[in-house]
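A.B. asks:
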Amino acid sequence: MNTNKTNPAAWQKLSPVAIVYFVLHFIVRFVKDGFINAAPALAIWVTQVENKLFWFISVVSALVVVLVIYAVLYYLNFRYKITEHEIVLRKGVFKKERVTLNFAKVQNVNLATPFYFAPFSLVNSHFDAAGSSQQEVVLPGISIDYANTMRDQIFNYRAMPEHAEQQSEAQEDANTPDLTLANFEVAKFGLMSGMMFLVLAALAPFTTQIIDYIKQDFAAPLTELITNSLNSNEHAEIAAGTIIVLSGIGIFVLASLLGALIRFYNYELSLEKNKIKRVSGLFERHQMSLSINKIQSIEVKQNWIAKLLKRYTINCKQINNSHANTVKKGQSLIVPVLTKSQVSEVMNLCWDKQVAITDIPFQPIAINYFYKTYLLYWLLPLTIVSISAYEPLINGAWPLLIVLMLAGAGLSFLRYKRFGFYFDGEQVFTRKGLVGVSYKVFKGFKIQQIATIQTPPMRKQQLSTLRFQLASGGITIPYLPSSYVNQVMNQLIFLAETSKKRWM
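If you read the sequence shown in my numbering, its first letter stands for residue 3, the second for the next number, and so on.
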């Protein structure tokens, strides 16, 4: 790598090995961003095109060649320099960009070592900045020594009493991780994450074409094979259908497990000088550090699959992306799969007080929320449907209506029971969910906005909905007693106005 140590403010080039990073980066971007747009063409190709293998190889080869050429050109146009107070990038092939990131806006400097960089002692250096994800800066293929030097320079620039501990992890003593996750446990996150359901949802518009293709190219030959093996056609179609369905489920599950292992392989979590440090990854050992004082809120989740597995996921959230409703990559520290006892251990690492968040005595919301939810989202729609489908109901379809009404009542009641709120004078705890559950905790002084919402019926019932706006996002708890809401609001506003602590 051309690293000008005598004049660090001069424009510098990346190591040629960075071309590999750009090739893989653009391939991943193409797959992620182009898959949905290319789905109709893919469905036509699967169901209509002859010589599928030939065209598949031809198209993929052409795309790879184009992406490689683009990656090489991108590398040749990529330049960066480090001044006394900012990082400046020049990049782009057809659209030239100049990106400037001031050291004061850098929240974290995270290092990642992909397997193809390891033999050359190179790393990817990720600079996480508050605000738009477009301001994120990544320098791929720089030496680990130079990356640590840059990190020290940034932290020294931002040196204040609360940042005095923020020195390079390379200078810290190697500590034994406070938490390690077995890869067998990590694989469970693949089942809990629900990625396979998102894939199925994306494929839903093409269900007919996919089913026809499976029937023609898989079901028919498999049925014939089973018939010949058993010398009977009586249950061959059922057996073939069962095998295909189970195989599809198995492929989705296996893909989810592999995805979790690739991301969180050999997961390690440790507390070093008031910073949480996470190291994980199979092909890329990603190292992330997060100052505890920058954690805006902590979420402990348990969806319905995690409930069956008796596991939880923790998400430590920083500042939310100001231009999207999602947290920018790199700004949330995720602990993927934990037992209940491990949840308490991690909370003690990430929080300055011991908190058993799953055992908090939450105050329930008013039963009126259940009545409203059931009436508006179940009883009223089912009544309208019943009127329009009166004849089928009286001709024998009425049991289905009863089942739907009972299911609606059960789900509405579960939703109502999951809501909970607790305030101890300094910290706010919330709970919500349906079959699963989500707990959140945040410091009262970190609130940016607080508001109450009242509809006319709620005003008559002396109930209010409480909404908090944090740097990490919004949190809403409905149907709390108005007197209690006013009391909590006054205390939280007082905390936010009088606290001398920094919220980031």
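Ideal placement from N, C-alpha and C gives every residue a C-beta, glycine not left out.
Helix, strand or coil for residue 100 per DSSP?
C.D. replies: strand
A.B. asks: Under the assumption that residue 420 contacts residue 439 (Cβ atoms under 8 angstroms), give the Cβ distance between them as a whole number of angstroms.
C.D. replies: 6 angstroms
A.B. asks: Answer yes or no: do residue 95 and residue 82 have a C-beta to C-beta separation smaller than 9 angstroms?
C.D. replies: no
A.B. asks: Give the single residue among 416, 494, 473, 448 whose Cα lies nearest to the Cα of residue 454.
C.D. replies: With distances taken between Cα atoms, residue 454 lies closest to 494.
A.B. asks: Assign residue 461 to one of three DSSP states: helix, strand, or coil.
C.D. replies: helix
A.B. asks: Could you have a look at residue 87 and say whether DSSP puts it in helix, strand or coil?
C.D. replies: Residue 87 falls in the coil class under three-state DSSP.
A.B. asks: Could you say if the region 339 to 347 and the region 311 to 318 meet the contact criterion of at least three C-beta pairs nearer than 8 angstroms?
C.D. replies: yes
A.B. asks: Figure out for me which residue from 298, 464, 74, 260 has the closest Cα to the Cα of residue 284.
C.D. replies: The option with the nearest alpha carbon to residue 284 is 260.
A.B. asks: For residue 376 and residue 370, I'd like the C-alpha separation in whole angstroms.
C.D. replies: 10 angstroms
A.B. asks: Would the beta-carbon of residue 449 fall within 9 angstroms of that of residue 470?
C.D. replies: yes
A.B. asks: Which whole-angstrom value is the C-beta distance of residue 271 and residue 394, which I expect to be below 8 angstroms?
C.D. replies: Beta-carbon to beta-carbon, residue 271 and residue 394 are separated by about 57 angstroms, too far to satisfy the 8 angstroms threshold.
A.B. asks: List the endpoints of the continuous alpha helix (DSSP H) containing residue 265.
C.D. replies: 238 to 266
A.B. asks: Just to confirm, is the Cβ distance from residue 126 to residue 286 under 9 angstroms?
C.D. replies: yes
A.B. asks: Suppose you measure from the CA of residue 148 to the CA of residue 86; what does that come to, to the nearest Å?
C.D. replies: 15 angstroms
A.B. asks: For the pair the region 21 to 28 and the region 54 to 73, tell me if three or more CB-CB distances fall below 8 angstroms.
C.D. replies: yes
A.B. asks: Could you tell me which residues DSSP puts in a beta bridge with residue 583?
C.D. replies: Since the first and last residues shown for the chain are 3 and 506, residue 583 lies out of range.
A.B. asks: Let me make sure I understand the geometry here. Which of 310, 105, 364 has the alpha-carbon closest to that of residue 139?
C.D. replies: Cα-wise, what sits closest to residue 139 is 105.
A.B. asks: Going by alpha carbons, who is nearest to residue 339 out of 350, 303, 463?
C.D. replies: 303
A.B. asks: For the region 389 to 403 and the region 483 to 492, state whether three or more C-beta atom pairs, one from each stretch, are separated by less than 8 angstroms.
C.D. replies: no
A.B. asks: Just mark residue 361 as buried or exposed, buried being the case when its beta carbon has 16 or more other beta carbons within 10 Å.
C.D. replies: exposed
A.B. asks: Indicate whether the contact test is met: 3 or more Cβ pairs, each with one atom in the region 451 to 467 and one in the region 404 to 413, closer than 8 angstroms.
C.D. replies: no
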